[in-house]
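From first to last, the protein sequence lines are chains A and B. For the first sequence, the working numbering gives the first residue as 1025, with consecutive numbering after it. For the second sequence, the working numbering gives the first residue as 40, with consecutive numbering after it. Each residue gets a CB set at the ideal place from its N, CA and C atoms; glycine is no exception. From a predicted model like this one, the values you see are computed outputs, not experimental measurements.
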Amino acid sequence: MIEADDISVAIGSKRIVSHVDFAARPGEVTAIVGPNGSGKTTLLKALTGELSYTGTVTLNGRDLVSMKPVEAATHRAVLPQSTTLSFPFTVLEIVRLGLIGGRSGVLPGEDARLPERALARVDLDGFAGRFYQELSGGEQQRVQLARVLCQVWAPVLEGRPRYLFLDEPVSSLDVKHQLIIMNIARDFARRGGGVVAILHDLNLTAMYADRIFVLSRGQLAAAGSPQDVLNDELIEKVFDCRLKVGALPAGSVPFVLPQSAA
Amino acid sequence: MAEQSIAGPAGRVMAADGDRSARAGIVILLLSVALALSIFLSLTSGASDASAVRVIRDWLTGAVPADTALAARDRLIVYDIRMPRVLLGVLIGAALAVSGAVMQGLFRNPLADPGLIGVSAGSSLGAVAVIVLGTTWLAPVTLALGTLALPLAAFFGGLAVTFLLYAIATRQGQTSVATMLLAGLAIAALAMALTGILVFVADDRQLRDLTFWQLGSLAGATWPKIGTIGPVIALALATMPFLSRGLNSLALGEAAASHLGIPVQRLKYTAIVGVSAAVGASVAVSGGIGFIGIVVPHLLRLAIGPDNRYLLPASALLGGSLLLLADAVARTVVAPAELPIGIVTAVAGAPFFLWILLRKRGIVDL
């Protein structure tokens, strides 16, 4: 369980997140949504200890502030929005960095094969020898996800659930890979881990999230299941945009929903 | 769920599986042989005809040489002149190359070099202060520390510059390369100006010492000097391998490294103190020797990749070899006189540095 009470984050003199309560349960995909600049990434950075905050964050019952980096790293892995490198690492060398803590959770000896398995899961079979810097943005994002998966390969370690923090994991991906990545997230949760993901696509969010936290101007606007949260009034209030949930486009305009994936 | 894999577009592949550790092992082995050869050549060649081979053979076999006077002269040349010089060259070459590699990892940029961003200038300022003011203003300090005063001053000079640079160039865990290079430029200029003031007040004898020392030279190598700075460099170099995994993670950024479980703050401080110690000790005895710290790691990254577990030991080996080579050139091109070695490394290194810039435009994201 990840619990955050009364989280506020200020950068300089500007308060980005104010008094947000948050919780993510193991076994669930928890989505954070909201318009640009609503404080989603800042909240995620507070939850992972990257930014200092007021309030308390606990990870499996322990205060995040009291945890050393190496302890926190056994409980959760974090996928940043994008990562650029200034040295020519190969894809394999990057994914292997996920094994640095040595707590992937597979049997000793299976570790060595893990990067290849992780790359196969994110649909990058055969990319191990390529240079990271020469890949497209979407491919780089999936390499980073493979690295993050290596770090917490087993969703449950020594009886305690582990967590994936994903900051816009599908923002630069085509639709096929959006589905692949979201399925990995859901699978991680089904097997006992927890997932916290910042998402922009409301259809993907409705399809995959068990709980949604909606942020607006740094404050919590709503929290609950997709059925409870995604309604016309909330969307208009938060996104300042009049949209109808469940409305079909008029006439012959085609539309494609991820829910229709076979 | 779509699990089948798509065939990736044909890309440049270094090793089919992306694993370069076997290649790195071979390169490190070859570099070890190259260093052994460089040491052998440096010991056996020189302005005099003294035969190191004969001296060492006599020593090993216990043979009594026919011409004892000549043998004593040769022993003196080999033991007291060439050996300390070779050892110093290896130590300093290794220290500069490894310091370059570590700083580049720390600043996440292949252009970070202790000489380039002012660390050496800070060390020089410390050292020159001791040379010039050692008998007057700083007399109590030099009296208390003895021969350690110079290397310590160089160390603290370098340390101050590195901390200052890091504080200026880093905001919320992100180090701005542009700020780092420009701040380094400004700090180096300031350090050099202060050094200039010290040179201005120096007397004639100090001036001669300073000029030669500032250009960089291994000529002053003696066993006592090695006894002073050798342990410092050895300790700093011995610490660096423990940083290699952390430096690899740091390539992803400070936050990502921390999320992987790396104690980033401790890593940074250890790296900064280690680099300052190694560079300070080098500058204290040999003055400013430029470009080793940037050329060596760059060449090696082309050969074995940026993994610091291999890059750091390989840099030590190649740095030692290259500096011995540069010293051989410095000793022979204008024999019987000697060029300062800093001139040799600059003449060879500066064009190389420009070549890196031309090859990889956009390496500095200003």
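So, does the CB of residue i fall closer than 9 Å to a CB anywhere in chain B?
i       : result
A/F1212 : no
A/V1115 : yes
A/F1111 : yes
A/K1268 : no
A/T1072 : yes
A/R1141 : no
A/I1124 : yes
A/K1069 : yes
Residue i versus chain A: which residues are under 8 Å apart at the beta carbon?
i      : result
B/A295 : V1102, P1104 and T1107
B/D242 : In chain order: nothing, as chain A lies at least about 47 Å away.
Taking only the alpha-carbon atoms, compute the straight-line gap between residue i and residue j and give it to the nearest angstrom.
i       : j       : result
B/L150  : B/S321  : 20 Å
A/L1143 : A/L1173 : 9 Å
B/A34   : A/S1110 : Examination of residue 34 of chain B is not possible in this model, given that chain B is present from 40 through 405 alone.
B/L274  : A/T1114 : 32 Å
B/L357  : B/L338  : 10 Å
B/L145  : A/K1092 : 21 Å
A/A1028 : A/F1263 : 24 Å
A/N1255 : A/V1269 : 6 Å
B/L115  : B/G85   : 13 Å
B/V335  : B/A323  : 21 Å
A/E1192 : A/L1103 : 9 Å
B/P123  : B/V383  : 20 Å
A/V1277 : A/D1198 : 21 Å
A/Y1232 : B/L70   : 54 Å
B/L351  : B/W98   : 35 Å
B/A277  : B/A134  : 11 Å
B/S288  : A/L1121 : 6 Å
B/L378  : B/A387  : 14 Å
B/G185  : B/L393  : 42 Å
B/T218  : B/I207  : 7 Å
B/T234  : A/G1085 : 57 Å
B/Y118  : A/S1128 : 54 Å
A/V1146 : A/N1207 : 10 Å
B/A369  : B/G359  : 15 Å
A/M1025 : A/Q1202 : 26 Å
B/L155  : B/A385  : 12 Å
Any beta-carbon of chain A closer than 9 Å to the one on residue i?
i      : result
B/I301 : yes
B/R398 : no
B/G223 : no
B/M40  : Any reading at B/M40 must be qualified, since the residue scores a pLDDT of 36, below 50, and its modelled position is unreliable; the value itself is stated next. Closer than 9 Å: yes.
B/L357 : no
If the cut is a Cβ gap below 9 Å, which residues of chain B does residue i touch?
i       : result
A/I1259 : In chain order: nothing, as chain B lies at least about 29 Å away.
A/K1092 : G300 and P302
Just to make sure I have the definition right: I need the residues of chain B whose C-beta is within less than 7 Å of the C-beta of residue i. Which are they?
i       : result
A/A1097 : H298, L299 and G300
A/Q1175 : L299
Just confirm the distance between the C-beta atoms of residue i and residue j, as a whole number of angstroms; I'd bet it's less than 8 Å.
i       : j       : result
A/L1148 : A/V1167 : 7 Å
A/T1098 : A/L1181 : 7 Å
A/V1219 : A/V1238 : With 8 Å as the limit, A/V1219 and A/V1238 do not qualify as a contact, their Cβ atoms being about 17 Å apart.
A/I1294 : B/G292  : Outside the displayed range of chain A (1025 to 1286) lies residue 1294 of chain A, so it cannot be described from this structure.
B/A353  : B/I343  : 6 Å
A/D1030 : A/G1073 : With 8 Å as the limit, A/D1030 and A/G1073 do not qualify as a contact, their Cβ atoms being about 17 Å apart.
B/L126  : B/I328  : The Cβ separation is near 16 Å, so there is no contact.
B/F194  : B/I311  : Not confirmed; about 12 Å, so no contact.
A/P1273 : A/L1228 : Not confirmed; about 18 Å, so no contact.
A/V1081 : A/L1071 : 6 Å
B/L137  : B/I78   : The identity of residue 137 of chain B in the sequence shown is Val, whereas the question assumes Leu. So it is not a contact: roughly 18 Å between Cβ atoms.
B/L82   : B/R121  : 5 Å
Output, in chain order, the set of chain A residues within a Cβ distance shorter than 9 Å of residue i.
i      : result
B/L291 : P1104, T1107, L1109, I1118, L1121, Q1168 and R1171
B/P149 : S1110 and F1111
B/G344 : F1111, P1112, F1113, T1114 and E1117
B/R284 : L1121 and I1124
B/R340 : F1111 and P1112
What does residue i touch in chain A if you count any residue whose Cβ is under 7 Å from its own?
i      : result
B/S288 : L1121 and I1124
Identify every run of the beta strand (DSSP E) within the stretch 1147–1211 of chain A, keeping only runs that are complete inside it and at least 3 residues long; order them along the chain. 1187–1191
Could you name each continuous beta strand (DSSP E) segment of 3 residues or more that falls completely within the stretch 62–92 of chain B, going from the start of the chain to the end? none
Any chance you could list the alpha helix (DSSP H) runs of at least 4 consecutive residues sitting entirely within the stretch 117–162 of chain B, in chain order? 122–146
What are the uninterrupted segments assigned as beta strand (DSSP E) that are 3 or more residues long and contained completely in the stretch 1239–1283 of chain A, given in chain order? 1243–1248
Which parts of the stretch 1098–1125 of chain A are runs of the beta strand (DSSP E), unbroken and 3 residues or longer, counting only runs that do not cross its ends? List check, beta strand (DSSP E) in window: 1100–1103.
Uninterrupted alpha helix (DSSP H) stretches inside the stretch 232–311 of chain B (no shorter than 4 residues): 243–254, 262–278, 283–289 and 293–298
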